[in-house]
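Engineer: Here it is, the structure in full.
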Amino acid sequence: MQTSVDRRGDVTTVHIAGSVDGVTAEALQQVLSDELAADHHHLVADFGAVEYTSSAGLRVLLATLKQARSRGGDLRLAALNPDVRKVLDLSGFTTILRVFDSVDDAVQSFGDHR
Amino acid sequence: MTAPQPPGGAPARVLVVGPAAVGDDTIGHHLQREGHVVDTARPGAEALAKLRAEPFDVVLLDVAVPGTDGPRFLEALRSDADLADVQVIVAAPADDLETLGQYLELGADDYLPRVFGPAMLRARLGAALDRRRLRDAESLSREMAVARNIQRDFLPEALPVARGVELAAVLHPARQVSGDFYDAFVLAPSGTFVLVVGDVCDKGVGAALFMALFRSLIRASADPVGGGAIQMIGGRRTLVRQALDSATPADLLTRVAGFTNDYIARLHGRTNMFATVFLAALTPATGQFDYVNAGHEPALVIVPNGAILGLMPTGPALGLGPDQSFLSGEGTLEPGHSLVAFTDGLVEARNQAGEAFGDARLEAALQAHRPSASSLVRGVVETLQAFTGPAEPHDDLTLLVATRTG
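Residue numbers (this note's numbering), protein chains in the order written: chain Y, 1 to 114; chain R, 1001 to 1406.
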């Protein structure tokens, strides 16, 4: 798994590539925690290049979502592939997280209403 | 300043115990040059206090100056159970066999001639660290074996038996302990079977601890009388009992899911742990069942030579956040039909080429076996094992089957 980060306005996008599993979830948690620690609370996770996520990856999303919201921000997901979308739908994550078709849509959604 | 990386791996924490100060102490000096973390102490109370305060790997006991402090210190060290894993190397003049013998008898692990070359010091220290790691690994493995045995106690010792329904189940942990669980118990007086299959997020010890919690919350809230939760409800036992007796199985399941969810989300929210759980309440005599699927893999209803029906989620995984609502679904097992609940470790199991077992292979295996719970479980496990071959399992695997016998 690889990650890269970019910022547009006060929205931070973390681009994730590869598989988020029990081994790589910790690295993803670190990247997201670093952003939160730097007061970047408006987060988009770009899942466009994520092939698979295990429940360890979902746990990272849950932790980040709660922290971002407790600081007045949010974590939003973008560009899920159908397999990953299915995992998030079944487990109910799509009922607690906002999901967008593209990174642009997700970034812009923060401008709509804060 | 970056410390040099010692040859052969991570730096060791070494306490040099002896009369010399670190500045003119050749042993300590050599060790620091090799990149190890070195502290010094005089034999006796000072050295013992340091050992108890910080985790040292090795004690290098310098007995160049003979005295009574050294043996007494070693005796005290060896009689402290908390320090049993600390390796002790005695540095003594090479010809002083009497002193060396005395210290080895008192429990020193190895010795080093007082006049030594760097290669010898490295070799002795390396061997001490290897012994230390082996002891650590052994003690961890003993602890994990204990945990595994205790965890087995959180699974039902035997599956309930009733005319009309046959149950069978299997759970294969990927590691010593598992985040998967299943449960099956009978509600009195109705005789309803409650069936549970759950998968706590992530793997390993953390998931195993929460497996025990989820399983117990579900069992105790579904069956407060049989489940041992009488203390929780105290004097209102009768009241609760009446309320439960009048609840329909569907009400009971949605209440169990809501209670367990809120308990985890409110009391353990900081850990961000959650579990996907399939719960069913099955009446053996009629085959009628209600279910709540909390974010779990769809359980399957198998009709021999017929369609396979997936029981989709009726609510989110338990623990995502407080105040989630859970709906219930219902169905009927006709004679010969089976209800199959499992965890994703089954469909996501991979062979050596990295290919997943998948829904299609699971469904084919279920259709291929005689409609009996035990033959379905056996058949699926054998098919899976033939598929994965010797590949290491990457996730826990659980399968619970209820077959209506007539």
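Heads up, the beta-carbon is just placed ideally off N, CA and C, and yes, glycines get one too.
Quick caveat, the model's predicted, so the values are computed rather than measured.
With burial defined as no fewer than 16 other Cβ atoms inside 10 Å of the residue's Cβ, what is the status of Ser1325(R): buried or exposed?
Structural biologist: exposed
Engineer: How would you list, in chain order, the residues of chain R whose beta-carbon sits under 9 Å from the beta-carbon of Ile96(Y)?
Structural biologist: Pro1316, Leu1320, Gly1321, Gln1324
Engineer: What's the C-alpha gap between Ala1294(R) and Thr3(Y)?
Structural biologist: 31 Å
Engineer: So, is the C-beta of Gly48(Y) closer than 8 Å to a C-beta in chain R?
Structural biologist: no
Engineer: List, in chain order, every chain Y residue whose beta-carbon is nearer than 9 Å to that of Thr1398(R).
Structural biologist: Within 9 Å Cβ-Cβ: nothing; Thr1398(R) doesn't reach chain Y, min ~14 Å.
Engineer: At a CB distance below 8 Å, what residues from the stretch 1259 to 1287 of chain R approach chain Y? Give them in sequence order.
Structural biologist: Sequence-ordered contacts of the stretch 1259 to 1287 of chain R with chain Y read Gly1269, Asn1272, Met1273, Phe1274, Thr1276 [C-beta pairs closer than 8 Å].
Engineer: Which residue wins for smallest C-alpha separation from Ala1385(R), given the options Arg1350(R), Leu1134(R), Val1340(R)?
Structural biologist: Reading off the sequence shown, one finds Gln at residue 1385(R), where the question assumed Ala. Comparing Cα positions, the closest option is Arg1350(R).
Engineer: How far does the beta strand (DSSP E) with Leu1309(R) in it reach, from first residue to last?
Structural biologist: 1308 to 1311
Engineer: If distances are taken between C-alpha atoms only, which option among Val1058(R), Phe1116(R), Thr1283(R), Val1090(R) comes closest to Ala1188(R)?
Structural biologist: Thr1283(R)
Engineer: Around the Cβ of Val87(Y), are there at least 16 other Cβ atoms within 10 angstroms (buried) or fewer (exposed)?
Structural biologist: buried
Engineer: Which residues bound the alpha helix (DSSP H) around Ala1084(R)?
Structural biologist: Looking at the DSSP string, Ala1084(R) is not in any alpha helix (DSSP H), and its letter there is neither H nor E.
Engineer: Thinking just about the alpha-carbon of each residue, which of Thr1271(R), Pro1335(R), Val1277(R) is nearest to the one in Leu1260(R)?
Structural biologist: Checking the sequence, you will find Thr at residue 1260(R) rather than Leu. Looking only at Thr1271(R), Pro1335(R), Val1277(R), the smallest Cα-Cα distance to Thr1260(R) is reached by Val1277(R).
Engineer: Would the beta-carbon of Asp1202(R) fall within 8 Å of that of Ser55(Y)?
Structural biologist: yes
Engineer: Using only CA atoms, which one of Thr1026(R), Gly1018(R), Val1205(R) lies nearest to Gly1044(R)?
Structural biologist: When only C-alpha atoms are compared, the closest one is Gly1018(R).
Engineer: Span of the beta strand (DSSP E) holding Val1146(R)?
Structural biologist: Counting along the chain, Val1146(R) falls outside any beta strand (DSSP E), though it belongs to the alpha helix (DSSP H) covering 1118 to 1152.
Engineer: Hey, would you say Thr24(Y) sits closer than 8 Å to Leu43(Y), going by beta carbons?
Structural biologist: no
Engineer: What does Arg59(Y) reach in chain R if we use C-beta pairs closer than 8 Å?
Structural biologist: Within 8 Å Cβ-Cβ: Cys1201, Asp1202, Asn1272, Met1273, Phe1274.
Engineer: How many whole angstroms separate the CB atoms of Asp105(Y) and Ala68(Y), which I take to be in contact at a CB cut-off of 8 Å?
Structural biologist: In fact, because the Cβ distance is near 18 Å, the residues do not count as touching under 8 Å.
Engineer: Report the neighbours of Glu1297(R) on chain Y: residues whose CB is nearer than 8 Å to its CB, in chain order.
Structural biologist: Leu90
Engineer: Given that Pro1156(R) touches chain Y, what residues does it touch there, using C-beta distances under 9 Å?
Structural biologist: For a Cβ distance threshold of 9 Å, nothing in chain Y lies close to Pro1156(R): the least Cβ distance comes to about 24 Å.
Engineer: So, does the CB of Ala55(Y) fall closer than 8 Å to a CB anywhere in chain R?
Structural biologist: Checking the sequence, you will find Ser at residue 55(Y) rather than Ala. At least one chain R Cβ lies under 8 Å of Ser55(Y).
Engineer: Which residues, in chain order, does the stretch 1366 to 1393 of chain R contribute to contact with chain Y at a C-beta distance below 9 Å?
Structural biologist: none
Engineer: Which value, in whole angstroms, describes the spacing of the CA atoms of Lys1050(R) and Gly1070(R)?
Structural biologist: 16 Å
Engineer: How is Pro1071(R) classed by DSSP in three states: helix, strand or coil?
Structural biologist: Pro1071(R) falls in the helix class under three-state DSSP.
Engineer: For the alpha helix (DSSP H) containing Phe1387(R), list its first residue and its last residue.
Structural biologist: 1373 to 1388 is the extent of the alpha helix (DSSP H) around Phe1387(R).
Engineer: Rounded C-beta distance between Ala1275(R) and Phe1210(R)? I'm assuming under 8 Å.
Structural biologist: 7 Å
Engineer: Cα separation between Arg76(Y) and Ser1178(R)?
Structural biologist: 31 Å
Engineer: How would you list, in chain order, the residues of chain R whose beta-carbon sits under 8 Å from the beta-carbon of Leu124(Y)?
Structural biologist: Because chain Y spans 1 through 114 in this model, residue 124(Y) falls outside it and cannot be assessed.
Engineer: Which residues in chain Y sit within 7 Å of Pro1313(R), going by Cβ to Cβ distance?
Structural biologist: Leu90, Gly92
Engineer: Beta strand (DSSP E) containing Arg7(Y): first to last residue?
Structural biologist: 2 to 8
Engineer: Let me confirm a value: Gly73(Y) is counted as buried when at least 16 other C-beta atoms fall within 10 Å, else exposed. Which label applies?
Structural biologist: buried
Engineer: Taking 8 Å as the CB-CB limit, is Lys66(Y) close to chain R?
Structural biologist: yes
Engineer: The beta strand (DSSP E) spanning Phe1210(R) covers which residue range?
Structural biologist: First-last for Phe1210(R): 1204 to 1222, but that is the alpha helix (DSSP H), not the beta strand (DSSP E).
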